[in-house]
Amino acid sequence: MLARATPKTSDTEFTTGIVWFRRDLRSFDHAALYHALKTCRQVHCVFVFDKEILDHLPRADRRVEFIQASVVELDAALRALQPSAGLVTLHAVAAQAIPALAKTLHAQAVFASHDDEPQALARDAVVRGALAHMGVALRTYKDHVIFERKEVLTQQGKPYGVFTPYKNAWLKKLDDFYLKSYPVAAYATHLAPCERQPVPSLQDLGFETTNLASLKLPAGASGGQQLVEEFFERIEHYHATRDFPGIKGPSYLGVHLRFGTVSIRQLAAMAYPLHLQGFQGASVWLSELVWRDFYVQILSNFPHVAQGAFKPEYDQIAWQHGKPAKALFEAWCQGQTGYPLVDAAMAQINQTGYMHNRLRMVVASFLVKDLGLDWRWGEAYFAEHLNDFDLASNNGGWQWASSSGCDAQPYFRIFNPTSQSEKFDPEGKFIRRYLPQLAKLSNAAIHAPWTAKPMELQAAEVVLGKTYPQPIVAHDAARTRTLLRYAVVKKPHALPDA
DNA sequence: GTGCGATTAAG
DNA sequence: TTAATCGCA
3 MLARATPKTS
13 DTEFTTGIVW
23 FRRDLRSFDH
33 AALYHALKTC
43 RQVHCVFVFD
53 KEILDHLPRA
63 DRRVEFIQAS
73 VVELDAALRA
83 LQPSAGLVTL
93 HAVAAQAIPA
103 LAKTLHAQAV
113 FASHDDEPQA
123 LARDAVVRGA
133 LAHMGVALRT
143 YKDHVIFERK
153 EVLTQQGKPY
163 GVFTPYKNAW
173 LKKLDDFYLK
183 SYPVAAYATH
193 LAPCERQPVP
203 SLQDLGFETT
213 NLASLKLPAG
223 ASGGQQLVEE
233 FFERIEHYHA
243 TRDFPGIKGP
253 SYLGVHLRFG
263 TVSIRQLAAM
273 AYPLHLQGFQ
283 GASVWLSELV
293 WRDFYVQILS
303 NFPHVAQGAF
313 KPEYDQIAWQ
323 HGKPAKALFE
333 AWCQGQTGYP
343 LVDAAMAQIN
353 QTGYMHNRLR
363 MVVASFLVKD
373 LGLDWRWGEA
383 YFAEHLNDFD
393 LASNNGGWQW
403 ASSSGCDAQP
413 YFRIFNPTSQ
423 SEKFDPEGKF
433 IRRYLPQLAK
443 LSNAAIHAPW
453 TAKPMELQAA
463 EVVLGKTYPQ
473 PIVAHDAART
483 RTLLRYAVVK
493 KPHALPDA
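Numbered according to our numbering, the first sequence spans residues 3 to 500.
Here it is as structure tokens:
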């Protein structure tokens with residue numbers, strides 16, 4: 003077979019293009035970078051430390067430090083691909099800086115990855131408009147999920163609102179094409195020369211150093227790769243270990259998925275064959291990746307969830323408010339609720355920016371259904387403190403816990419913080435790590451110190467109300483109040499099962 | 001001959 | 001996902 007009209011190899015559409023990196027801080031298996039290199043003779047790479055985002059963050063923010071370190075590594079990785087190349091880094095308002103850079107460089111196109119968070123969509127619309135005004139194209143590509151937007155739909159062409167059928171359709175649609183990686187290295191000669199300039203330091207950006215270095219959270223694509231390798235050593239146990247915060251069960255890849263220092267295709271491509279081979283751990287973990295796609299898709303198709311309940315009737319609920327509510331919230335934030343598992347979990351997020359997934363559900367349930375506080379308060383707290391904060395997943399998780407979401411837990415299902423503790427931290431290993439003041443309590447008493455005999459408290463050097471708080475609410479009473487509070491959403495025939 | 005939805009191919 | 005091609009009205 004001869005001259006099969008060789009498609010695109012020499013058909014560079016543009017002389018100059020820009021790849022605008024955002025939440026995709028890697029130089030391999032990268033959709034936008036691939037397409038840019040393929041269609042432009044010269045490709046400039048840029049990252050903007052966006053003042054529009056950074057100015058609203060606390061001055062000590064582990065994520066900024068993680069991003070800064072990852073950007074340094076990305077710059078080096080680009081130079082490793084092509085010695086004359088590199089990353090242009092700016093500290094500016096991205097919506098203005100990108101069009102300005104396109105003008106300076108005489109670029110005809112800008113390439114970037116999809117970001118379907120409402121603020122990112124708004125920013126990209128502004129950029130698209132400004133670029134169009136100059137005759138410059140903005141081309142964006144799916145990169146951070148396997149399936150997005152309207153790729154997985156029901157038979158009726160509607161987005162899924164229930165996870166299990168979504169997952170079935172997701173798995174059915176999956177094939178090796180969607181897991182294939184985008185080869186970048188082969189086109190590295192199209193990377194444009196870049197004057198070597200240092201990436202702004204954390205101090206240049208106006209931020210303080212955090213304790214990130216002391217946490218076991220290696221940044222950059224190399225850090226991501228390291229965690230991937232470590233996790234796949236234990237993935238076959240994932241289903242059995244993932245619910246126990248005292249055990250190293252999870253992948254800890256959330257933050258790398260958030261900033262694109264790992265490739266979702268690579269992860270899914272590694273887990274999928276193990277799933278097919280029947281490794282339960284891999285199947286359960288793959289499901290977690292599907293949950294991530296699910297919530298990204300929910301946010302994209304139902305953007306109102308960023309403001310209010312997925313199920314509108316849940317916006318009728320009257321939450322606790324005023325000064326007492328603020329005090330309860332403050333106690334929750336500070337890990338001063340008197341429920342050890344809740345408090346240990348809050349200590350974990352406050353000290354590390356990470357919280358075990360099981361505990362995210364426990365503290366969320368506690369905030370909403372024991373304290374009677376608006377789930378958005380908790381959502382906002384997580385948004386500020388979680389290293390791996392992702393609007394879609396965080397919102398999905400909080401709406402799940404508050405029962406207001408799609409496929410959420412029923413409103414009358416209320417976690418008992420003590421039995422969760424007994425079940426998932428039976429030896430109090432996790433509690434003792436984060437609440438050393440309770441370390442000497444017995445396994446029987448550590449989940450609910452207020453039930454311990456005075457003798458035991460004394461022997462363990464615990465003084466309730468002094469070294470450790472009394473419970474700020476009684477769970478049983480709170481449970482009753484919550485059922486009343488949620489009565490406004492009750493469907494005429496729905497009967498509570500408990 | 002045209003046009004648009006469906007299908008298929010491509011990292 | 002995007003891009004190209006197909007196929008039937």
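Note that the Cβ used here is the ideal one computed from N, Cα and C, for glycine as well. The structure displayed is predicted, hence computed values, not measured ones.
Check	Outcome
If we require 3 or more residues per run, which beta strand (DSSP E) segments fall completely within the region 3 to 61?	16 to 23 and 42 to 52
For G310, I'd like the list of residues in its chain whose CB is within less than 7 Å of its CB, leaving aside the five on either flank, ordered along the chain.	D317
Thinking just about the alpha-carbon of each residue, which of W402, V364, R28 and G159 is nearest to the one in P247?	V364
Taking the beta strand (DSSP E) that S115 belongs to, which residues open and close that run?	A111 to S115
In the structure shown, what three-state DSSP assignment does H93 receive?	strand
Between which two residues does the beta strand (DSSP E) harbouring Y143 extend?	A139 to Y143
What is the rounded straight-line gap between the Cα of Y162 and the Cα of K152?	9 Å
Given a cut-off of 8 Å on the beta-carbon distance, is the pair L214 and E67 in contact?	yes
Which of the three DSSP states, helix, strand or coil, is assigned to A500?	Annotation note: pLDDT 42 at A500 (below 50); position unreliable, no value reported.
Could you tell me which of A441, L278 and G251 sits nearest to M357, measuring between CA atoms?	G251
Would you call F23 buried or exposed, if buried means 16 or more other Cβ atoms sit within 10 Å of its Cβ?	buried
Reducing DSSP to helix, strand and coil, say where L259 ends up.	helix
Can you give the Cα-Cα distance for T41 and F233, rounded to whole angstroms?	36 Å
Who pairs with L466 in a beta bridge, going by DSSP?	Y470
Where do the N-terminal and C-terminal ends of the alpha helix (DSSP H) with D478 fall, by residue?	H477 to R487
Could you name each continuous alpha helix (DSSP H) segment of 4 residues or more that falls completely within the region 362 to 388, going from the start of the chain to the end?	377 to 387
Classify K371 as buried or exposed, calling it buried when 16 or more other Cβ atoms lie within 10 Å of its own Cβ.	buried
Output the distance between the C-alpha atoms of N359 and D245, rounded to the nearest integer angstrom.	8 Å
Counting only runs that start and end within the region 284 to 326, where is the beta strand (DSSP E) found for 3 or more residues in a row?	none
Do T263 and R28 have their CB atoms nearer than 8 Å?	yes
At the level of alpha carbons, what is the spacing between I2 and R141?	For residue 2 there is no data in the structure shown, the boundaries of the chain being 3 and 500.
Who are the Cβ neighbours of P101 in its own chain at under 6 Å, not counting the five residues just before and after it?	A132 and L133
Can you tell which of E238, S253, A188 and A242 has its C-alpha closest to the C-alpha of G225?	S253
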